[in-house]
Structure formats: C-alpha cells, structure tokens
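A.B. asks:
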Amino acid sequence: MAVDWDERTRALREEVLRLRETTGAVIVAHNYQRDEVQEVADLVGDSLALARFCAASPKTLVVFCGVHFMAESAKVMSPDTTVLLPEIDAGCPMADMVDEDGLRAWKAGHPGVAVVAYINSSAAVKAESDIICTSSNALAVVRSLGAKEILFLPDCNLGAYVAQQIPDVKVHLWPGFCITHNRVSLADLEAAKHAHPDALLLAHPETRPEIWRQADFVGSTKQIIDYAAASPAKKFLIGTEMGVLWKLRKDSPDKTFYLLAPGMVCPNMKKITLRSVRDALLETKYRIEVPEAVADGARRALERMLAVRA
Ligand code: 13P
Ligand code: SF4
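According to our numbering, the residues represented by the sequence shown are 658 to 967, in order.
#1: Taking the alpha carbon of K928 as the reference point, which residue from V701, D746, T738, A668 has its own alpha carbon closest?
#2: Per the DSSP calculation, G833 is bridged to which residue(s)?
#3: DSSP three-state label for C711, please.
#4: When burial is assigned at 16 or more other CB atoms within 10 Å of the CB, is E940 buried or exposed?
#5: Apply the 10 Å Cβ neighbour rule to E693 and answer buried if 16 or more other Cβ atoms are within range, or exposed otherwise.
#6: Would you decide whether R870 is buried or exposed? Buried here means 16 or more other CB atoms lie within 10 Å of its CB.
#7: What's the call for T864, buried or exposed, on a 16-neighbour Cβ count within 10 Å?
#8: R957 and L741 look like a contact to me (Cβ under 8 angstroms); what is the Cβ gap, rounded to whole Å?
#9: Rounding to the nearest angstrom, what Cα-Cα distance links T930 and R691 in this structure?
#10: Are the stretch 801 to 820 and the stretch 877 to 897 in contact at 8 angstroms, needing three or more beta carbon pairs?
#11: Alpha carbon to alpha carbon, how far is I966 from V934?
#12: Quick check: what's the CA-CA separation for D936 versus V719?
#13: Going by alpha carbons, who is nearest to I807 out of V798, D787, V828?
#14: Any heavy atom of the ligand SF4 closer than 7 angstroms to the beta-carbon of R864?
#15: Is D825 near Y775, with beta carbons less than 8 angstroms apart?
#16: Whose C-alpha, out of E744, D787, Y689, is nearest the C-alpha of A804?
#17: Please classify R675 as buried or exposed, where buried requires at least 16 neighbouring CB atoms within 10 angstroms.
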C-alpha cells in the first residue's frame, strides 16, 4: 500500500533506517504501534511472535517498540542483548494491576494451585508464576498443564475466555483488565452491528465476555490479522486496538475494516514515535535492566511457555 508520508516523516524514517544500519540494531514493533513506526521495524507482531523472535535473535542491540513488559521479556530472554525502550514511561496499566506481593498473597490462599500469568505482567510477577501465556496460546498453555484448577492473572477477560473454552478447569480470576479493550460496551457492539450488519466481528479476548461471546473469531492481534487476510468475507468489525488497521489494510486492500468502537487506542503504545526511535538509536536509551534473580525466575516461566506448541 503506497503511503504518502509528509516530508518530515520521510526524513526521520531515512534517519532511523540509516541508524539501524550503522548500529546493527534490530527494531521490533507490536501491532499497536503507530503506522510509521511499524514501517521501520524488522519484525511487527503480537506478543508471542515478538517474544519468540527476541529469544532467538542473535542481535546485540534491540529497539523494542512496544510497552515496558514486552521490552522486559525481551531482556529476560536475551540477557546479553542491549534492549532499548524508546519511551521509558510506555507502560501497561493492566500489567500494573498486580504486583508480586499481591500474587504471593493470592497464592498463599490457594496452596498448590498452578499460576498462569498473562505476558502483560512485570518480570517480578512472572518470576512468581509457573508459566506465562499470551492471547494467542493461552488455551494451549492451560491445556499443557493438565491441571484441574489454576490461578489466572491479571486479565479477567482473557481468563474468562480460557474458562469458557476449557470448562473442566476451574479458573480463579484476578480482577485486572485492559483499559482500552474493557471500555467497549454491549451498546457499542450493537451500534456497530447496526451500522455494518454484514461485517464479521473479530475480537481480542481482552474485550469483555459479552463482546467476545458474540464474535465470529477470537484471537490475538496477529491471529485477527491472519484470519481477516484468509477470510473470503469483505467487511470486518475489529475488536482490538486501532494499530492493527495498518496491517489489515496493507494485507487486504480490497476489504473494509471498521473499528468496533471509537477510542480503541492504547495511549501507552502510541507514546513511541519515529523521533523517539531515532533518539533511542542515537543515545542508546532507555536501557531495560532486570535484576538477575528476578530474570532467572521470569525466564523459567517464559521458557516453559515457549516450549508449548500451540
Ligand atoms: P497480542 O498482540 O499478543 O494479542 O497482545 C495484545 C496486547 O494488548 C498487548 O499489550
Ligand atoms: Fe496494556 Fe491494553 Fe495497552 Fe495492551 S492495549 S498494552 S493490555 S493497556
């Protein structure tokens, strides 16, 4: 898809690409990043694809265009790599809804019950967990445990989806949620369906159960993008953050995509700009560091996830 970037954006883009070359950096970006940031990335993907890539990449310098927990996971998986997050305050409010003390107290109330942590959590929380999952492999991860009961955190909407899909496992839910997905209401869905009655609904499991229960497809950002590209349908309601529209429209210019509700924007994902990527490369900032003991625990839980084949 031809894009008409303005002159300033084109100049910054060239500068970033030049710096990427001279520093030998690899730039990775989540599907929610700004269009122009996705454009300069070596890999754009969902949380699982980015985690796998960073675990396998031989590069010594990674610029992570995403939010803090993602860059932290990259650092945990590649301790010898310099991992840069271009905006140090690009966090994830959902990940901040649980800390290691809260998790320890929860575990104490449920002795012996396995803890499944969504990747949207801090390294310290991961280190207290048995296994990590993402939205694309949560079902496979939970099935791999063969457990009768689990503690799932922090996203109660994804946890409820796991519970619905695997009814023989008792899923205890932590009351966390994504501010961007959880705000979509049934009224939004009804309005969108009324406006586009012939569009398929593709929803992220971070939306509320009353939304994903009515979806034609539920999946991670990458799974939604792949589903739309492969589908013979021509119109789609997209129940996730607006950043995915870039790739959806690029892959399927003949199809029409409507955001399920206005305001499906993650302000933290949008903090990173081409300018901050340029500055990250120029000034080698902001370096992500994880204390070794925490990193060791988090790595064990992440590696256990990466060994599960979805
Ligand atoms: P995925 O790209 O893994 O679906 O993640 C969605 C998300 O909210 C990341 O913060
Ligand atoms: Fe966190 Fe939601 Fe933003 Fe993802 S979209 S980074 S879950 S706040």
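All C-beta atoms, glycine included, are put in the ideal place defined by N, C-alpha and C.
On a predicted model such as this, the values are computed, not experimentally measured, just so you know.
C.D. replies: Considering the structure as presented:
#1: Nearest to K928 by alpha-carbon distance, out of V701, D746, T738, A668, is D746.
#2: Bridge partners of G833: D812.
#3: Under the three-state reduction of DSSP output, C711 falls in the helix class.
#4: Under the 10 Å beta carbon count, E940 is surrounded by fewer than 16 other beta carbons and is classified as exposed.
#5: Per the 10 Å Cβ criterion, buried.
#6: Flag for R870 reads exposed.
#7: Classification of T864: buried, given that the 10 Å Cβ count is 16 or more.
#8: So it is not a contact: roughly 25 angstroms between Cβ atoms.
#9: Approximately 7 angstroms between the Cα atoms of the pair.
#10: Under the Cβ criterion (8 angstroms, minimum of three pairs), the stretch 801 to 820 does not count as touching the stretch 877 to 897.
#11: Per the sequence shown, the amino acid found at residue 966 is Arg instead of Ile. In a straight line, the C-alpha of R966 is about 33 angstroms away from that of V934.
#12: Spanning the two alpha carbons is a distance of roughly 14 angstroms.
#13: Distances from the alpha-carbon of I807 to those of V798, D787, V828 put V828 closest.
#14: It is Thr, not Arg, that sits at residue 864 in the sequence shown. No, the beta carbon of T864 sits no closer than 7 angstroms to any heavy atom of the ligand SF4.
#15: It is not a contact, given that the beta carbons lie outside the stated cut-off.
#16: The shortest Cα separation from A804 among E744, D787, Y689 belongs to D787.
#17: Here R675 is exposed. Its C-beta has fewer than 16 other C-beta atoms within 10 Å.
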